[in-house]
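Asker:
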Amino acid sequence: MTSPLGQFVMVTFRAAADTPAGQLPLDGQVFYFPPEYLSSVGSGPSSAGVIHAGGADIKGYMNVTAGPIYEWVMTSGLSAAALTVLNGIPPPPGWVDQTARQTYLTWGRTMRRDWGAPMQGISDALTALYNAAVANKIAQGN
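Take the sequence shown: its letter number 18 is residue 18 in the working numbering, and every next letter is one higher.
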């Protein structure tokens with residue numbers, strides 16, 4: 001059964017700290033969904049789901065606040081443990097350049113999702129690349 005158009009629920013897409021760069025243009029965009037559809041998507045940060053929008057799979061979860069106001073919080077699709085590992089690659093103070101951080105999250109997600117690499121292998125590979133880039137920068141005298 002489908003809902004009459006007047007019963008569709010307004011959902012605003014919101015970016016999170018780990019939203020893939022290609023999905024950032026969706027931040028603040030409003031979409032309308034039938035209420036029965038919303039019960040089948042992610043229910044929180046630890047239970048992410050997927051909304052199929054415009055030919056893309058947008059991973060995230062539903063955040064419902066007073067009103068009720070519905071927001072789809074777009075996430076990377078990486079687990080909290082994977083994000084912790086990737087965020088911990090540079091030593092303190094951590095990722096200062098968010099574009100660089102996003103590059104590592106994108107590669108981590110690709111290696112995990114598309115290539116089936118284990119998280120330890122991803123961490124080892126990306127840490128080695130980070131350390132090599134830092135060593136090169138130091139060797140340049142910068």
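Cβ coordinates follow ideal geometry from the N, Cα and C atoms, glycine included.
I'd like to know whether the C-beta atoms of residue 146 and residue 38 end up nearer to each other than 8 Å.
Answerer: Any property of residue 146 remains undetermined from this structure, which presents the chain solely from 1 to 142.
Asker: Select from 131, 104, 110 the residue whose C-alpha is nearest the C-alpha of residue 84.
Answerer: Within the sequence shown, residue 84 is the residue found at index 84, counting from 1. The candidate whose alpha carbon is nearest that of residue 84 is 104.
Asker: Identify whether residue 139 lies in helix, strand or coil by the three-state DSSP scheme.
Answerer: Mapped onto the sequence shown, residue 139 falls at position 139. Reduced to three states, the DSSP call for residue 139 is helix.
Asker: With a cut-off of 8 Å on the beta carbons, I'd call residue 23 and residue 58 a contact; round off their distance for me.
Answerer: Locating residue 23 in the sequence shown gives position 23, where the first residue counts as 1. Locating residue 58 in the sequence shown gives position 58, where the first residue counts as 1. At roughly 6 Å, the Cβ-Cβ gap stays under 8 Å, so residue 23 and residue 58 are in contact.
Asker: In the DSSP assignment, what are the bridge partners of residue 36?
Answerer: Residue 36 sits at position 36 when you count from the first residue of the sequence shown. Residue 36 is not bridged to any residue.
Asker: Output the distance between the C-alpha atoms of residue 27 and residue 13, rounded to the nearest integer angstrom.
Answerer: If you number the sequence shown from 1, residue 27 lands on position 27. If you number the sequence shown from 1, residue 13 lands on position 13. Answer to the nearest angstrom: the Cα atoms are 5 Å apart.
Asker: Taking residue 53 as the reference, which of 47, 35, 45, 29 has the closest Cα?
Answerer: Counted from its first residue, the sequence shown places residue 53 at position 53. It is 29 whose Cα lies nearest to the Cα of residue 53.
Asker: According to the neighbour-count rule (16 or more other Cβ atoms, all chains shown, within 10 Å of its Cβ), is residue 89 buried or exposed?
Answerer: By 1-based counting over the sequence shown, the position of residue 89 is 89. With 16 or more other Cβ atoms within 10 Å, it is buried.
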